[in-house]
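In what follows, a single structure is set out as structure tokens and then discussed.
Protein chains in written order, with my numbering: chain W, 1 to 505; chain U, 506 to 836.
What follows is the structure, given as structure tokens:
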């Protein structure tokens with residue numbers, strides 16, 4: 001692809017973008033949110049038509065007008081958002097649109113099931129292909145989506161953030177599939193925010209910024225810091241000085257106790273949580289996918305009712321039984337799944353930002369709109385949210401800016417306790433630093449933060465204490481300074497129940 | 506290539522602008538076309554009498570459509586509006602026509618308005634609880650009263666047409682304010698209050714949030730259950746008012762016909778007015794316009810001697826057109 005340009009209603013999304021992927025090459029594509037990666041891919045796959053530039057595929061000019069045509073030409077895509085049918089069986093999802101037929105033109109189910117089983121076994125996934133896909137975890141669904149794309153025998157497979165909902169073991173499975181594709185001569189275009197992954201699987205990497213291609217390296221010729229520098233358009237030395245996270249754990253001075261959980265359990269995979277957060281500190285919650293971290297957050301926030309244990313909040317010992325009560329007593333909860341549990345897509349940035357604060361902006365049921373606008377204006381400025389207009393729908397913003405708006409939703413209530421569930425997932429490196437710096441600033445002002453993160457780096461460098469969870473039980477507590485990534489990983493991976501006595505503090 | 510391409514971009518953006526304009530003002534354009542056609546072909550269209558007839562008929566659709574718009578904004582639907590109209594309408598004459606009502610005409614009249622509305626709100630409460638507490642799907646939950654509400658009304662009136670003469674009550678349907686039908690003003694006033702509710706109050710913001718993303722709303726402290734119950738109560742309350750107006754117009758209560766097929770008219774008016782069935786939007790004045798369009802189509806066909814059955818088909822056509830426009834708007 002060379003000299004690609006594309007504008008939407010006057011806004012330039014791409015200008016001078018190019019991309020070259022060799023046969024049998026795994027090619028990384030990185031850039032901040034809004035750099036134009038998705039647009040470039042959508043042009044390649046026929047979702048959008050380009051305004052200028054040329055695309056050659058396998059030596060011939062490529063002009064596709066629909067995803068279906070792109071697929072026929074040998075390009076298949078796995079999008080960030082899953083595009084599967086949860087109520088239909090695994091087989092139906094894998095073969096959808098490409099069903100094997102019998103001589104009568106009916107679907108040959110025996111062949112279909114067999115084909116699906118064969119494809120999935122190749123992936124090391126062992127599931128019942130007759131069962132509805134929705135019964136399986138998001139991770140399995142993601143792998144099925146990938147299996148589907150691969151099964152179309154494409155020459156180029158495009159993966160857009162394929163690992164964002166996979167756990168470590170599943171990531172390993174995915175990487176082995178990528179390696180097998182490479183060995184078979186299939187090219188892979190690999191889009192990811194996780195830079196470490198690129199060094200594991202990719203041969204080359206292309207960096208985009210502001211709608212243009214900045215650089216194209218063999219992966220061995222570059223390192224993580226220079227990639228970040230190129231994505232952000234800053235100096236390498238600047239980045240190194242700033243460190244890899246902006247949270248600054250271990251340096252905060254803890255104030256008085258904000259809340260304490262003792263033996264808390266719910267009916268949703270949370271069996272026993274012991275946890276305390278003081279004002280002005282960050283307590284990390286570590287653990288594998290499904291270890292009960294999000295469930296712990298929901299219990300503290302009053303979203304799930306407790307089946308055992310006690311929650312005590314400073315000054316007010318009655319635990320909230322609804323999110324509304326939790327908010328009223330000064331707790332904010334930035335949810336993990338921005339799309340499903342965070343934004344209200346069609347509402348404006350302003351309305352999204354003030355949603356939790358609304359009762360405080362209201363007198364006799366009427367919203368004080370002047371104060372609302374003023375407040376939103378302040379937050380847009382202080383958090384550096386990039387938008388055209390506070391009245392534009394939030395869905396039009398990039399992921400990082402949406403996340404900032406949601407963070408502002410909670411900062412606006414002046415929380416005593418802020419629960420952050422994967423606050424920097426799916427946002428680009430630049431926004432990640434900014435979000436971490438904002439969190440840091442508020443911790444210094446005395447907010448107590450409970451930080452859930454799957455990024456070890458963020459926890460190890462960012463948190464003052466880390467509570468590790470396994471199978472719905474908080475098994476150990478570590479304190480900074482002194483936590484290393486190795487120590488955290490071994491605490492997370494340690495067999496449950498091995499040393500409970502030493503662990504729980 | 507690079508010279509030609511900006512022109513392509515410009516062209517397509519012009520196309521998009523044209524479509525979004527049509528999407529935004531499509532309802533107004535449709536209304537203008539309807540008026541023009543009527544002026545050209547319908548005999549005596551530009552007469553005060555025509556205006557009166559249309560206003561007095563459209564008012565009930567508009568009042569219910571406003572309630573329906575609020576329900577749809579939360580992602581729900583209310584099929585029971587017609588049945589609630591019949592119930593409220595059947596109760597009123599029973600109250601002012603009772604021995605007590607005849608002995609105390611003023612109190613009797615007040616009760617004849619208040620009690621049916623309370624009964625209507627009780628229906629709304631029932632719907633709301635079914636939907637938000639017992640988590641029954643709205644279309645099923647409101648189907649219960651859709652069927653049984655009219656049944657109750659017919660039992661109350663023994664299935665008979667009840668005629669009455671009560672000028673004070675009939676004012677609801679036949680009175681004039683500044684020379685125009687009372688219920689027309691009532692509909693506009695209700696729409697104005699609903700508009701204020703949606704755009705200026707916390708309740709309005711909350712109901713849009715629930716329709717826009719229920720889980721996110723709940724986790725942001727929106728009292729989802731209360732919001733849902735309240736919109737069904739409001740919708741039932743407005744249906745009750747519409748039911749009273751219909752009875753007042755006819756000076757008779759006919760439980761079998763009062764509000765018959767009103768749910769379809771109200772949903773159609775809301776959709777034509779720009780409501781999205783998946784929720785998150787509450788164009789209250791759009792619903793008013795939608796009601797006017799539905800009424801005008803009906804009137805046009807009737808005044809030109811085309812049968813009622815054909816009018817139903819035309820109504821379906823309008824809904825299809827409105828939905829098609831909405832699809833264009835969402836892109």
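Beta carbons: idealized from backbone N, C-alpha and C, even for Gly.
- Just measuring C-alpha positions, the residue of W:444, W:88, W:403 sitting nearest residue 428 of chain W is W:403.
- Rounded to the nearest angstrom, the Cβ distance from residue 691 of chain U to residue 578 of chain U is 22 angstroms, too far for a contact under 8 angstroms.
- Exclusion of the five residues before and after residue 357 of chain W leaves 412, 413 as the residues of its chain whose Cβ lies within less than 7 angstroms of its Cβ.
- The beta-carbon of residue 347 of chain W is placed less than 9 angstroms from the nearest beta-carbon of chain U.
- With fewer than 16 other Cβ atoms inside 10 Å of its own Cβ, residue 441 of chain W counts as exposed.
- Among the CB atoms of chain U, one or more fall inside 9 angstroms of the CB of residue 340 of chain W.
- For residue 409 of chain W, the enclosing alpha helix (DSSP H) begins and ends at 399-411.
- Residue contact with chain U for residue 355 of chain W: present (Cβ-Cβ distance below 9 angstroms to some residue of chain U).
- The segment 780-795 of chain U makes contact with the segment 342-362 of chain W; the number of CB pairs closer than 8 angstroms reaches 3 or more.
- Here residue 263 of chain W has 272, 273, 274, 308, 309, 310 as same chain residues with Cβ atoms under 8 angstroms from its own Cβ, once five neighbours each way along the sequence are excluded.
- Taking one beta carbon from each stretch, the segment 639-652 of chain U and the segment 618-625 of chain U have fewer than 3 pairs nearer than 8 angstroms; the two do not touch.
- Flagged as an interface residue toward chain U: residue 323 of chain W, by a C-beta distance shorter than 9 angstroms.
- Within chain U, the C-beta atoms nearer than 8 angstroms to that of residue 351 of chain W come from 710, 713, 714, in chain order.
- Excluding the 5 residues flanking it on each side, residue 73 of chain W has same chain C-beta neighbours closer than 7 angstroms at 57, 62, 64, in chain order.
- Distance from residue 666 of chain U to residue 757 of chain U at the Cβ level is roughly 6 angstroms; contact confirmed, criterion being Cβ atoms closer than 8 angstroms.
- Excluding sequence positions up to five before and after residue 539 of chain U, its CB lies within less than 6 angstroms of the CB of 801, all in the same chain and listed in chain order.
- Rounded to the nearest whole angstrom, the C-alpha separation of residue 94 of chain W and residue 772 of chain U is 38 angstroms.
- By the neighbour-count criterion, in which 16 or more other beta carbons inside 10 Å mark a residue as buried, residue 480 of chain W falls on the buried side.
- Residues of chain U with a Cβ closer than 8 angstroms to the Cβ of residue 303 of chain W are, in chain order, 723, 724.
- Bridge partners of residue 272 of chain W according to DSSP: W:473.
- The three-state reading of DSSP puts residue 635 of chain U in helix, counting H, G and I together.
- Scanning its chain for C-beta atoms nearer than 6 angstroms, with the 5 sequence neighbours on each side dropped, one finds around residue 91 of chain W the residues 112, 113, 116, 129, in chain order.
- Residue 145 of chain W and residue 60 of chain W have their alpha carbons spaced roughly 28 angstroms apart.
- Considering only W:490, W:29, W:383, the residue with the shortest C-alpha distance to residue 475 of chain W is W:490.
- Comparing alpha-carbon positions, the option among W:280, W:281, W:314, W:276 lying closest to residue 297 of chain W turns out to be W:276.
- With contacts defined as CB atoms closer than 9 angstroms, residue 462 of chain W and residue 284 of chain W qualify as a contacting pair.
- For residue 301 of chain W, there is no enclosing beta strand (DSSP E), as DSSP marks it with neither H nor E.
- Within chain U, 724 have C-beta atoms less than 8 angstroms from the C-beta of residue 333 of chain W, given in sequence order.
- Taking a 10 Å sphere around the C-beta of residue 812 of chain U, we find fewer than 16 other C-beta atoms and assign the residue as exposed.
- At a cut-off of 9 angstroms between C-beta atoms, residue 698 of chain U does not count as an interface residue with respect to chain W.
- Look at residue 371 of chain W here: in three-state DSSP terms it is helix.
- With the criterion set as a beta carbon lying under 7 angstroms from some beta carbon of chain U, the segment 11-45 of chain W has no members that meet it.
- Against chain W, the CB of residue 581 of chain U has no partner CB under 9 angstroms away; the residue lies outside that interface.
- By the criterion of a C-beta distance shorter than 8 angstroms, residue 676 of chain U is surrounded in its chain by 687, 753, once the five residues flanking it on both sides are discounted.
- The residues 788, 791, in chain order, have a CB closer than 6 angstroms to that of residue 779 of chain U in the same chain once the five nearest residues on each side in sequence are set aside.
- Around the beta carbon of residue 448 of chain W, 16 or more other beta carbons sit within 10 angstroms, so the residue counts as buried.
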